[in-house]
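Numbering (our numbering) for the sequence shown: -19 to 108.
Just below is one structure, and these are the notes that go with it.
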Amino acid sequence: MPQTNLRFTPQRKVILEELQGIDTHPTADELYERVRRRMPKISLGTIYRNLDILSHQGLIQKLDVAESQMRFDGNPDPHYHVHCTRCGRIGDIFSCPDVSFVLKEIETDFRIEGYSLIFHGQCPDCAE
C-alpha cells in the first residue's frame, strides 16, 4: 500500500473498507448504497470527495471505461482491466505482461506519470 500522510476520517475508512471488500468495480452511486448500510447519514458528496482523495493518494484506482459514470477499484496494485461492452461488467487481469516498456518509445514532450490499459470485449455470460 502506498505511503500516505492522509488522515483517515471514519467516513473515509468505511468507504475504503467497502471498496476493498468487493471486486465488482462499483460506481460512486453503487458504493454510496453499500456505505449507507453502515453510515446511514453519509452523503453522496462525501463519497465523491473521498473517492477523489483516495485516488489521488494512490490507495484506489479510478477506471474510465467510456460509460456515463466512473468506476472504482479498491486494489491499487498494478494490474489491467477488461470491460464487457454489453453488460458493463469489469474484471481484473493479473496475468498480462507489463507494457510499461512502451513508455520509452513514446515521442512526446510530456512527462508521463502513469497509464491505464482497459481491454474491451464480451464477458462469458454475454458471449453465449
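Each residue gets a CB set at the ideal place from its N, CA and C atoms; glycine is no exception.
Remember, predicted model here, so these are calculated numbers, not experimental data.
Span separating the alpha-carbon of residue i from that of residue j
i	j	result
Glu13	Phe99	28 Å
Thr(-11)	Ile(-5)	10 Å
Ser35	Gly25	15 Å
Per-residue burial, residue i [other beta carbons within 10 Å of its own, 16 or more giving buried]
i	result
Leu(-1)	buried
Met(-19)	Since pLDDT at Met(-19) reaches only 44, below the 50 mark, its modelled position is unreliable, and the value read off the structure follows with that caveat. Label assigned to Met(-19): exposed.
Leu31	buried
His5	buried
Leu97	exposed
Ala46	exposed
Gly101	exposed
Residue j beta carbon less than 8 Å from that of residue i
i	j	result
Ile22	Gln41	no
Leu11	Ile27	yes
Asp72	His59	yes
Leu61	Leu43	Checking the sequence, you will find His at residue 61 rather than Leu. Cβ distance < 8 Å, so His61 and Leu43 count as in contact.
- request: Mind the definition here: the segment 80 to 89 touches the segment 43 to 55 only if three or more C-beta pairs lie below 8 Å; say whether that holds.
  value: Under the three-pair Cβ rule at 8 Å, the segment 80 to 89 does not count as touching the segment 43 to 55.
- request: Answer yes if the segment 58 to 69 comes into contact with the segment 88 to 107, meaning at least three C-beta pairs across the two stretches below 8 Å, and no otherwise.
  value: Cβ pair count under 8 Å is three or more, so yes.
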